[in-house]
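See below for the structure under consideration.
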Amino acid sequence: MLEFKDLGDDARRQYIDARSAFEALEAAQAEAARVRGGMYWKAVNGRDYLVRTSARNAQKSLGPRSAETEAMYTNFMARKEQADTRLKGLTAAVQRQQRMNRALFVGRVPAVVVDILNMMHRHNVAEHFTVVGTHALYAYEAAAGVRVESAAIATRDVDLLWDTRKRFKLATQLKRLDSSMLALLRKVDKTFTLREGQLYTAVNSQGFEVDILRREVQEQDPHPARLSDTEEDFWVVQARNAEQLVSAPRFSSVVVAANGTMARMNTVHPLAFVRFKRWLAQRPDRDPLKVARDELQADTVMQLVDEYLPQLSPHR
1 MLEFKDLGDD
11 ARRQYIDARS
21 AFEALEAAQA
31 EAARVRGGMY
41 WKAVNGRDYL
51 VRTSARNAQK
61 SLGPRSAETE
71 AMYTNFMARK
81 EQADTRLKGL
91 TAAVQRQQRM
101 NRALFVGRVP
111 AVVVDILNMM
121 HRHNVAEHFT
131 VVGTHALYAY
141 EAAAGVRVES
151 AAIATRDVDL
161 LWDTRKRFKL
171 ATQLKRLDSS
181 MLALLRKVDK
191 TFTLREGQLY
201 TAVNSQGFEV
211 DILRREVQEQ
221 DPHPARLSDT
231 EEDFWVVQAR
241 NAEQLVSAPR
251 FSSVVVAANG
261 TMARMNTVHP
271 LAFVRFKRWL
281 AQRPDRDPLK
291 VARDELQADT
301 VMQLVDEYLP
311 QLSPHR
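Sequence positions in the sequence shown follow UniProt numbering and run 1 to 316.
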């Protein structure tokens, strides 16, 4: 039987408060995105027309001035002002909560991982990647309100599973950003470079690695696959049986770094993680040094579900 470390009442209450503030900020950001851009009246041949502008300065006429377009303009401007005010207030609230997280030692996720997750959300590419492998345990332990033993989470790399089914949408977003995935990663740490001979891995000056994986090639899947048209970008590697993870139910949790910062981590359902790790451990070609950790992680997550997250168990 594995033993988990209790966070303590103070840290647990702080995490609940911090998570609530973070989730409110997410909702405020979504509302602010809906009213991004602006509206203005444009005179054309002696008549006023209401024009909607996007954040990228695209313009669309909503019709001539009338009671209806006047109401649209008034409603939009009120929503925009309210959204901006709410966003500003919640941003400050989350910053306060992050300072409290640090003071009460609430989190222990590597700061670079939290920064990468926030970068992906900020640039609207997070939906294309799922955290798999060891770092997923941070999402599970956060939801459970305990800490698993350090041996289960010891790693210097994060695995991101790319969903090839949405490849065109990701390519469109990267073109819109005029960027590559590697360039986005360098916004977090400019020292990230692709590893020679292993172009699915980027490593920074501290030796931390980001691996981007994909399911094994299926009909309609590109192969080989680079994440963007940029010459210097990730070539994604196939991972055995990754289709099991691609099609698994999703699990999401707010995780906290050792410095108090927060991010949303999207990963796979804990029971899908357990099944995959047990499959890995039974592979005859699996590195013997990794088998023990595979088994430890599977047992750890299974016990977390049984003891702290029973609502996720099909036997509930």
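Ideal Cβ placement from N, Cα and C applies to all residues, glycine included.
{"Check": "If you follow the beta strand (DSSP E) that methionine 262 is in, where does it begin and where does it stop?", "Outcome": "262–268"}
{"Check": "Quick check: the region 182–194 against the region 138–152, are there 3 or more CB pairs under 8 angstroms?", "Outcome": "no"}
{"Check": "If you draw a straight line from the alpha carbon of glutamate 26 to that of asparagine 45, how long is it in whole angstroms?", "Outcome": "43 angstroms"}
{"Check": "Checking 7 angstroms against the spacing of the C-beta atoms, do aspartate 157 and aspartate 115 come in under that value?", "Outcome": "no"}
{"Check": "Mapping DSSP to helix, strand and coil, what is serine 20?", "Outcome": "helix"}
{"Check": "Put threonine 155 into one of helix, strand or coil per three-state DSSP.", "Outcome": "coil"}
{"Check": "Just list the residues that DSSP pairs threonine 53 with in beta bridges.", "Outcome": "Gly38, Gln59"}
{"Check": "Going by DSSP, name the residue or residues bridged to proline 64.", "Outcome": "Tyr49"}
{"Check": "Which residue from Arg19, Leu177, Ala239, Ala202 puts its Cα closest to that of arginine 286?", "Outcome": "Ala239"}
{"Check": "Should glutamine 59 be labelled buried (16 or more other beta-carbon atoms within 10 Å of its own) or exposed?", "Outcome": "exposed"}
{"Check": "In its own chain, which residues sit with a C-beta less than 6 angstroms from the C-beta of tyrosine 40, not counting the 5 before and 5 after it?", "Outcome": "Val51"}
{"Check": "According to DSSP, is leucine 174 helix, strand or coil?", "Outcome": "helix"}
{"Check": "What does a CB cutoff of less than 6 angstroms around arginine 19 pick up in its chain, not counting 5 residues either side in sequence?", "Outcome": "Val254"}
{"Check": "Could you check whether proline 249 and leucine 312 sit closer than 7 angstroms to each other, using their CB atoms as the reference points?", "Outcome": "no"}
{"Check": "What residues in its chain sit with their C-beta under 7 angstroms from that of threonine 261, if we drop five residues either side in the sequence?", "Outcome": "Gln98, Ala111, Val114"}
{"Check": "In chain order, what residues of the same chain lie with their CB nearer than 7 angstroms to the CB of alanine 24, ignoring the 5 residues before and after it?", "Outcome": "Leu90"}
{"Check": "Out of Val146, Phe208, Thr130, Ala143, which has the shortest C-alpha to C-alpha gap to alanine 166?", "Outcome": "It is lysine, not alanine, that sits at residue 166 in the sequence shown. Checked all of Val146, Phe208, Thr130, Ala143; the closest Cα to lysine 166 is Thr130."}
{"Check": "Would you mind sorting histidine 128 into buried or exposed? The rule is 16 or more other CB atoms within 10 Å of its CB.", "Outcome": "buried"}
{"Check": "Considering only the alpha carbon of each residue, which of Asn57, Met119, Leu62 lies closest to tyrosine 49?", "Outcome": "Leu62"}
{"Check": "Can you tell me where the beta strand (DSSP E) holding valine 203 begins and where it ends?", "Outcome": "198–203"}
{"Check": "Could you tell me which residues DSSP pairs with arginine 214 in its beta bridges?", "Outcome": "Gln238"}
{"Check": "Can you give me the C-alpha to C-alpha distance between alanine 225 and valine 236, rounded to a whole angstrom?", "Outcome": "6 angstroms"}
{"Check": "For the beta strand (DSSP E) containing leucine 194, list its first residue and its last residue.", "Outcome": "193–195"}
{"Check": "Considering only the beta carbon of each residue, do glycine 107 and arginine 12 sit closer than 7 angstroms?", "Outcome": "no"}
{"Check": "Would you check if the distance between the CB atom of aspartate 294 and the CB atom of leucine 304 is smaller than 7 angstroms?", "Outcome": "no"}
{"Check": "Just mark phenylalanine 168 as buried or exposed, buried being the case when its beta carbon has 16 or more other beta carbons within 10 Å.", "Outcome": "exposed"}
{"Check": "Using only alpha-carbon positions, find the residue among Asn57, Arg278, Ala30, Leu7 that is nearest to glycine 38.", "Outcome": "Asn57"}
{"Check": "Name the residue from Val109, Gln14, Leu174, Trp162 whose alpha carbon lies nearest to the alpha carbon of threonine 134.", "Outcome": "Val109"}
{"Check": "Compare the C-alpha of arginine 214 against each of Arg186, Gly207, Ser205, Val246 and name the closest.", "Outcome": "Val246"}
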